[in-house]
Amino acid sequence: MVARLIYWGFTGSLIAITAATLGGVAALLRPNFPPLPLESYFYPKNKLTPGFKQYQLSRPINLLIMGVDPVIPASASGEFPAADMFSGRSDTMILLRCDPANYSITLLWIPRDTLVKIPEHGYGKINQANAIGGAALASRVVSLNFNYIPIDRYVRIRTSALSELVDLLGGVEIFVPAAMSYTDITGQLTINLSPGWQTINGNQAMQFARFRSDELGDIRRIQRQQSLLGALRQRIYNPALISAWPQIISIFRQYIDTNLTTEEMLTLVNFIVQDQPPQLKMLMLPGKFSNSPKDASGDWLVYAGIRQQIIQEHFQDKPVNFAENRPVPKTIKIAIQNATDHHKDSEKLAQYLKSQGFKNVYEIEPWAIAQRQSLIIAQKGNIQEAEWLQNLLTVGKVEASSIGDINSDITIRVGLDVNQRFMIERKK
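Note that the UniProt record's numbering has the sequence shown beginning at 1, numbered continuously upward.
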């Protein structure tokens, strides 16, 4: 049962990395996308001269990405009947936004157990929507429950492509924070990963992405997906791998169901393939468990105020500037995580922040490996506050992702540069 729950754990991340690096999943031509419902999109072909440079992203788009669990077991050949391949529950759901105004891609993970209102079916977990009414209902549910955000297109994907992609790339370097071990004979699932930095192959990448037998269950899995997504993105942008892009795109086209047209895909290729890659922001809907994280019957209860802030700031055409409405930065929750060989480094930083008037500073379990540069993690996408802290500390780099402490606004993973910074101050 657990194997089935986690089987499609990385499918959303898989298609997201396609969008974030290859342009193979989402794009927009000059005309606007038609509104919901999504079942019968037919996009007219424009007479354009050859070359994807002719396709331009003219406005922001929102794309719903789902990794879908088949409703019946695979045949002896390992294949699923086409009719049932994408009609199950969505085990992973990601809202993706491409914005040409600031040349950015934003990914918002929606936990699979998020409690939402499903039209004509009452309240339930968001992963039920696709099984009940397909991509059209799933898109409607996301829009209804999240500030009526428009969903322009959808992509549903099988997880099988991840292993092929990683192997095609020659593996990917990832940090495994703790040993992962799990076996499910019935589900034919075996996970066995040792901690530490390592280059993993396709099968190991699947293990890393599917594992959820820890203290935070699906939430910790989402954090691993974001870490793996970042590692894949760096690997794919390696100039030596450009020749492999056509083969990579071909792999994905075998495993996805989407209402995107070829022209729309080419538009995002043009959006992505520039001198510099777009800014990538990775978020997760913050909330709390209704009961134990390991209880599959429990729900993820989203914090309504923070949900509204994230959607309005990152996913609407005219984002609201919350800078003036947010609490004074010194009231934010700051988690300090030591990532050096000297445990006092994190203590020094915590004491310094408290001396500057920050009232909600606390330390968490140290990171398992030392790192040179500190990482200031905008856990809820609040980049301005993270940059404010970076300017105050004059160290570290800012990352917009949800890989920090889930109860924090900002998580600072303390590197060796913090020690150097305080040593310089003591010499003055």
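We treat Cβ as the ideally placed atom computed from N, Cα and C, and that holds for glycine.
query: By the 10 Å Cβ neighbour count, where 16 or more other Cβ atoms means buried, how is ASP317 classified, buried or exposed?
result: exposed
query: Rounded to whole angstroms, how far is the Cβ of PRO150 from the Cβ of PHE271, which I believe are closer than 8 Å?
result: In fact, because the Cβ distance is near 18 Å, the residues do not count as touching under 8 Å.
- prompt: Is ASP91 buried or exposed, if buried means 16 or more other CB atoms sit within 10 Å of its CB?
  reply: buried
message: Can you tell me whether ALA161 is buried or exposed? The criterion is at least 16 other CB atoms within 10 Å of its CB, across all chains shown.
response: buried
- request: Use the C-beta contact count for HIS343: other C-beta atoms within 10 angstroms, 16 or more gives buried, fewer gives exposed.
  value: exposed
- prompt: At a Cβ threshold of 8 Å, is LEU193 touching chain B?
  reply: Included in the structure is just one protein chain, with no chain B present.
Rounded straight-line distance, which links the Cα of LEU95 to that of ALA205: 22 Å
task: Give the DSSP-derived three-state secondary structure of ASP345 in the structure shown.
output: helix
- request: Using three-state DSSP, classify THR11 as helix, strand or coil.
  value: Bear in mind that the predicted position of THR11 carries a pLDDT of just 40, short of 50, making it too unreliable to give a figure here.
query: How many angstroms separate the CA atom of SER408 from the CA atom of LYS333?
result: 5 Å
- prompt: Would ALA350 pass as a contact of GLU365 if the rule is Cβ separation under 8 Å?
  reply: no
Proximity winner among ILE369, ASN338 and GLU385, relative to ASN419 (alpha-carbon distances): ASN338
query: Just how far apart, CA to CA, sit THR258 and TYR352?
result: 51 Å
task: Compute the Euclidean distance between the alpha carbons of SER194 and GLN56, then round it to the nearest angstrom.
output: 45 Å
field: Stretch-stretch touch, CB-based, cutoff 8 Å, three pairs: the stretch 368-376 with the stretch 393-401
entry: yes
field: Stretch pair the stretch 172-183 + the stretch 134-149: three plus CB contacts closer than 8 Å
entry: no
query: Can you tell me whether DSSP reads THR262 as helix, strand or coil?
result: helix
message: Measuring alpha carbon to alpha carbon, tell me which residue in LEU268, ILE369 and ARG153 is nearest ILE249.
response: LEU268
- request: Please report how far the alpha carbon of PRO35 lies from the alpha carbon of ARG153, in whole angstroms.
  value: Note that PRO35 has pLDDT 40, beneath the 50 cutoff, so the model's placement of it is unreliable and the number below is only indicative. Cα-Cα distance, rounded: 9 Å.
- request: Could you tell me the boundaries of the alpha helix (DSSP H) in which ILE132 lies?
  value: 129-145
- prompt: For GLU399, which residues does DSSP report across the bridge?
  reply: ILE377
task: For ARG97, count neighbouring Cβ atoms within 10 angstroms of its own Cβ and tell me buried if that reaches 16, exposed if not.
output: buried
field: Exposure label - ILE369; buried when at least 16 CB within 10 Å
entry: exposed
message: Here's the rule: buried if 16 or more other CB atoms are within 10 angstroms of the residue's CB, otherwise exposed. What is ALA231?
response: buried
field: Which of helix, strand or coil DSSP assigns to SER163
entry: helix
task: State buried or exposed for GLN247, treating a residue as buried only when at least 16 other CB atoms are found within 10 Å of its CB.
output: exposed
query: Along the chain, where does the alpha helix (DSSP H) that runs through MET206 open and close?
result: 202-210
- request: Give the range of the beta strand (DSSP E) segment to which ASP409 is assigned.
  value: First-last for ASP409: undefined, no H or E at that position.
field: ASP257 (DSSP reduced to helix, strand or coil)
entry: strand
Any beta strand (DSSP E) of 3 or more consecutive residues that is wholly inside the stretch 85-134: 90-99, 104-109, 115-118 and 122-125
- prompt: Which of helix, strand or coil does DSSP assign to ALA178?
  reply: coil
message: Please report the straight-line C-alpha distance between ARG421 and LYS348, rounded to a whole angstrom.
response: 11 Å
- prompt: Leaving out the 5 sequence neighbours to the left and right, which residues in its chain are closer than 7 Å to ASN201 when beta-carbon positions are compared?
  reply: VAL166, ASP167 and GLY171
field: Whole-number beta carbon distance between SER227 and ILE118, since they are thought to touch under 8 Å
entry: Actually they do not touch by this definition, with Cβ atoms about 31 Å apart.
query: If you follow the beta strand (DSSP E) that GLU363 is part of, which residue opens it and which one closes it?
result: 360-363
- prompt: With burial defined as no fewer than 16 other Cβ atoms inside 10 Å of the residue's Cβ, what is the status of GLU387: buried or exposed?
  reply: exposed
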